[in-house]
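Below: the structure, in structure tokens.
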């Protein structure tokens with residue numbers, strides 16, 4: 107089984123790795139350096155928001171690009187340069203190393219994704235151990251495949267809103283060890299809004315702030331092979347919400363081993379299609395299951411939450427006949 111982990115309090119402090127347990131491949135070492143982990147014949151592009159130029163080729167820090175958008179264009183050109191099933195670039199996987207501490211007035215928002223590419227945050231943003239992309243990131247229409255973000259920070263602008271919105275044409279999107287900060291002047295409404303995104307993975311991430319609606323919002327449509335695991339999730343309202351018309355017909359979605367600090371429901375699965383297991387945390391809501399966790403008890407196990415009047419387990423433990 108593939109998994110990711112970091113062996114301490116942050117990916118920068120103690121390293122970050124992906125892979126099969128016992129034979130992990132390092133992504134970031136304990137000093138915050140990116141490890142050349144994927145020997146896959148892909149191209150590595152460098153983005154330095156403060157010192158780069160989009161007239162450069164981006165193939166080294168000395169010739170770094172200035173914008174994420176330019177790196178995406180170059181990466182997608184090389185990935186798509188070959189006919190499907192032939193050519194050197196088709197089955198490759200590129201890497202974008204992103205460094206920058208630009209403030210909101212100069213911030214770049216994400217409107218497109220690099221297919222078959224890993225976007226890895228390096229460097230720092232003030233006291234934060236990773237770069238932060240400030241804005242309401244809305245990915246436009248397009249058939250994006252297999253984008254993975256590692257050690258990246260995303261923050262809502264002063265006016266709040268949704269930090270990261272993903273369309274239905276996206277598949278295989280993943281966030282590993284990322285931070286989503288909704289503590290703007292006006293609190294963010296949501297951290298991630300994903301509608302019919304298949305094979306979405308959110309693993310080992312931290313969600314800061316009192317999101318006014320839902321921290322992670324899963325929209326209608328196919329959400330097969332969903333994985334929301336090992337995250338720390340704050341919210342001023344709901345932690346994770348799934349719409350009633352969410353589907354995962356041939357591969358169930360999992361919400362497992364997350365820690366919640368929310369005001370209302372920790373998990374609100376209106377579809378009753380997801381499996382929720384081993385989640386922990388607390389809510390300010392009173393001790394009724396309808397105000398703590400709304401899920402299908404047949405597909406859930408061992409969720410324990412503190413609340414305004416005590417601590418409870420969902421679903422209740424019963425003897426197996």
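In our numbering, the protein residues as written are 107 to 427.
For each residue, glycine too, the CB sits at the ideal point set by N, CA and C.
Cα-Cα separation, residue i to residue j
i           : j           : result
residue 166 : residue 299 : 34 Å
residue 242 : residue 423 : 42 Å
residue 354 : residue 303 : 10 Å
residue 173 : residue 158 : 8 Å
residue 413 : residue 177 : 46 Å
residue 498 : residue 295 : The shown model of the chain, from 107 to 427, leaves out residue 498, and the question about it has no answer.
residue 401 : residue 378 : 6 Å
residue 292 : residue 283 : 25 Å
residue 145 : residue 316 : The predicted position of residue 145 is uncertain, since its pLDDT is 48 and thus under 50; no value can be drawn from it.
residue 203 : residue 228 : 7 Å
residue 405 : residue 359 : 10 Å
residue 235 : residue 224 : 18 Å
residue 417 : residue 248 : 45 Å
residue 288 : residue 184 : 35 Å
residue 186 : residue 217 : 19 Å
residue 305 : residue 214 : 26 Å
Buried versus exposed, by CB contacts within 10 Å (16 or more), residue i
i           : result
residue 80  : Coverage of the chain is limited to positions 107 through 427, which leaves residue 80 absent and any answer about it impossible.
residue 321 : buried
residue 205 : buried
residue 334 : buried
residue 211 : exposed
residue 357 : exposed
residue 347 : buried
residue 163 : exposed
residue 246 : exposed
residue 391 : buried
residue 340 : buried
residue 207 : exposed
residue 232 : exposed
residue 222 : buried
Bridge-paired residues (DSSP) for residue i
i           : result
residue 259 : 238, 285
residue 278 : In DSSP, residue 278 forms no bridge with anything.
residue 200 : 223
residue 472 : Lying outside 107 to 427, the shown extent of the chain, residue 472 is not represented and no answer is given.
residue 383 : 362, 407
residue 233 : DSSP output for residue 233 lists no bridge partner at all.
residue 205 : 154
residue 216 : Answer is none; residue 216 lacks a bridge partner.
residue 171 : 153
residue 211 : Residue 211 is not bridged to any residue.
residue 334 : 308, 361
Limits of the unbroken beta strand (DSSP E) element including residue i
i           : result
residue 413 : 409 to 413
residue 299 : 294 to 300
residue 151 : 150 to 154
residue 329 : Note, residue 329: premise wrong, no beta strand (DSSP E); not H, not E.
residue 398 : It is not in any beta strand (DSSP E) - residue 398 carries neither H nor E in the DSSP assignment.
residue 340 : 338 to 340
residue 374 : 373 to 375
residue 419 : 416 to 420
residue 370 : Unbroken run through residue 370: none, as it is neither H nor E.
Endpoints, the alpha helix (DSSP H) within which residue i is located
i           : result
residue 184 : 174 to 185
Nonlocal neighbours in the same chain, by C-beta distance under 6 Å from residue i, ignoring five residues either side
i           : result
residue 107 : Low local confidence applies: a pLDDT of 34 at residue 107 is under 50, so the model's placement there is unreliable, with the coordinate-based value given in what follows. None.
residue 264 : 290, 291
residue 407 : 383
residue 365 : 338, 386, 387
Min CB distance residue i to chain D below 8 Å
i           : result
residue 160 : Checking the listed chains, one finds no chain D in this structure; it contains a single protein chain.
Heavy atom of the ligand SAM within 7 Å of residue i beta-carbon
i           : result
residue 327 : Of ligands this structure carries none, so the ligand SAM is not represented either.
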